[in-house]
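Have a look at the structure below before the remarks.
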Amino acid sequence: MTQDGEQVPLGGFIKRGLMSLLLLYSNRVVSTSHLLDALWPSGTPATARKMLQNAVSDVRRLMNDGRTGADEPILLTHPPGYLLRVPAKDVDLSCFQQLAAAGRTALAKGAHEPAQKALRAALRLAKGPILAELVEEGVNWPEIEALENFVLNVREDCFEAELALGRHRAVLEEMEDLHLAHPSRERLSAQLMLGLYRCGRQLDALTLYQRIRALLNDDFGLEPGEELKSLQTAIITQDPGLTRLPVMSQTAHRASPRDLLLPSAAAPQRVLTAEREAEPVSVVMVRTEVRCLDGEPAPEESADVAQTASTAIHREFERGSGEISLSVGEVSFSFFRDTDRSGSHVKRAMAAATAIHEHFGPASLVDGSGRGYTVRSRIVVTTGEAVLNYRAANENGLRMTATGGVMDRCLQLLRFTSPGEIRVCRATHQATASDYAVAHEPDSGWKVLVPGPADRGARAGRRLDEAG
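Going from the sequence shown to the working numbering is simple: count from 1 and add 4.
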């Protein structure tokens, strides 16, 4: 804070954390429960509410000291919590969001020059780590992760505008640096591949594709998306369109940046997009491993077992009313939507996850010739908001895309999940804490302490036809 042009220190962590969170939600109510959870993530002490009230009083005293203007910020008590009223022009985050929204609107209309200018202006306000001082003290708010991800999205939007304007050489080094820090972002990867190709580095572009493919396959058991595959083919065939078309545009169907980035702290908000709206979802992602107990498996036999395992997984998805259930190689996932706004989707997702875990517990699947197979599962459940879109893929059906950090978090947690484990994110744990015991492991989510093999009953020798 400043007074008469001089900085005035706020003081302790509680006051700095309070002001930081209120500024993230400036001009919106932040519930007291949200503040308590954010400031005391390991559990609120008995005196937490009093400490919060004292911090609010101290901040108000500092804000009111010598300030008389109508446009001065003011901290209001507003049920069910507090509201920091402050002109949007005085908050860097608000200015960033407004500029980003203007840039994305222009980009969606094909106005690349105005889009580039607005997006660059926004990014000049987003220099450096977000709330670095609090992060150094151990703060790990989901709002910070959402902001970081949103800034990355805006940088990709800016690259899209720059590439459409033919400025690939000007942004190539910036794209390379960002890709080193975020190698699994497919849109950024495609933009860098296109930039390399346009700079005459066709071999480097194809080598980058192979690195991305290896990363996705080794870490997640996935193949690159169709956009990257199509781009690789276009580079190999030297498609003339690569010299003039933007790549992997995502702007036209995005939500309002402010609403998508920070939903209301007091109550969930539904966020409108051009096609659909962001909605609360839980995602269950399962990676299976099939092993033969009797030597080398016959390809057709292991394929049959894998198909049986996939069928069993999708049956549990259906029992929990999971939607858009898909399988890609060894990985299956499903979205559980909060259709009635009751929050039951999280518990349904967890029930499906534990049922799948139990199904593949210590059991063996035995094929028709008596050869034994085991199927082990790695399961992740994440909860958040996503925008689910549907487009006509071809004459045979629809293509679905999911936008939101909830899928990224799934893939991140899957890297830390060992066979036989279930891991969940913070939001999933908080919604089901009374039902499941967990062990928190920093940076790798919460490991669910599922019942041991003795509690599941004997499962050895389950036959293939029974599992299917």
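We put the CB at the ideal spot given by N, CA and C, even for glycine. It should be emphasised that the depicted structure is a prediction, and the values quoted were computed from it without experimental measurement.
Can you list, in chain order, the residues of its chain with a C-beta nearer than 7 Å to that of Glu160? Leave out the 5 residues immediately preceding and following it.
Arg191, Leu192, Gln195
Please say whether Ile148 and Leu135 have beta carbons closer to each other than 8 Å?
yes
What residue ranges within the stretch 104-185 form continuous alpha helix (DSSP H) runs of no fewer than 4 residues, ordered along the chain?
116-128, 136-140, 146-168, 172-185
Rounded to a whole number of angstroms, what is the C-alpha to C-alpha distance between Glu389 and Glu283?
5 Å
Please give me, in chain order, every unbroken run of the alpha helix (DSSP H) with length at least 4 that falls completely inside the stretch 193-233.
206-224
Start and end of the alpha helix (DSSP H) containing Leu294?
One point to set straight first is that residue 294 is Val, not Leu, in the sequence displayed. No alpha helix (DSSP H) holds Val294; the beta strand (DSSP E) holding it covers 283-296.
For Leu14, name the three-state secondary structure that DSSP assigns.
coil
Is the beta carbon of Val285 less than 8 Å from the beta carbon of Phe321?
no
Which class does Phe321 belong to by DSSP, given the choice of helix, strand or coil?
Taken through DSSP and simplified to helix, strand or coil, Phe321 comes out as helix.
Nearest-angstrom Cα distance between Gly204 and Ile239?
11 Å
Burial state of Thr358, where buried means 16 or more other Cβ atoms lie within 10 Å:
buried
Taking just the CA atoms, how far does Val335 sit from Leu220?
The straight-line gap from Cα to Cα measures roughly 12 Å.
Residue range of the beta strand (DSSP E) that Thr81 falls in?
Thr81 -> beta strand (DSSP E) spans 78-82.
Would the stretch 23-42 and the stretch 88-96 be scored as touching if the rule is three or more Cβ pairs under 8 Å?
yes
In whole angstroms, what separates the C-alpha of Val294 from that of Val454?
C-alpha separation (whole angstroms): 21 Å.
So what's Val60 in DSSP terms, helix, strand or just coil?
helix
Given a threshold of 16 other Cβ atoms within 10 Å of its Cβ, counted over all protein chains shown, does Val155 qualify as buried or as exposed?
Buried, since its Cβ has 16 or more Cβ neighbours within 10 Å.
Under 8 Å between the Cβ atoms of Ala52 and Trp44?
With contacts defined as CB atoms closer than 8 Å, Ala52 and Trp44 qualify as a contacting pair.
Spatial neighbours of Gly1 within its chain, please: CB distance less than 8 Å, with the 5 preceding and 5 following residues excluded, ordered by chain position.
Past the boundaries of the shown model lies residue 1; the chain is included only from 5 to 472, so the question cannot be answered.
For Gly472, three-class secondary structure by DSSP
Any answer about Gly472 is weak, because its pLDDT of 43 lies below 50 and its placement is not dependable; what the coordinates show is given next. It is coil, neither helix nor strand.
Do Val95 and Leu79 have their CB atoms nearer than 8 Å?
no
In whole angstroms, what is the alpha-carbon distance linking Ser381 and Ile426?
9 Å
Using 10 angstroms around the beta-carbon of Val139, count the other beta-carbons present and answer buried if the total reaches 16, otherwise exposed.
exposed
Using a 10 Å radius around the Cβ and a threshold of 16 neighbouring Cβ atoms, would you call His363 buried or exposed?
buried
Distance between Glu180 and Lys131 (C-alpha atoms, nearest Å)
18 Å
Express the C-alpha separation of Leu40 and Asn58 in angstroms, rounding to a whole number.
13 Å
How many angstroms separate the CA atom of Lys451 from the CA atom of Ala355?
Distance between the alpha carbons of Lys451 and Ala355 is about 15 Å.
Would you give the residue range spanned by the alpha helix (DSSP H) that Arg341 belongs to?
Note, Arg341: premise wrong, no alpha helix (DSSP H); beta strand (DSSP E) at 335-341.
Rounding to the nearest angstrom, what Cα-Cα distance links Ala106 and Ala122 in this structure?
6 Å
Identify which residue in Val350, Glu117, Val63, Asp344 has its Cα closest to the Cα of Ser338.
Val350
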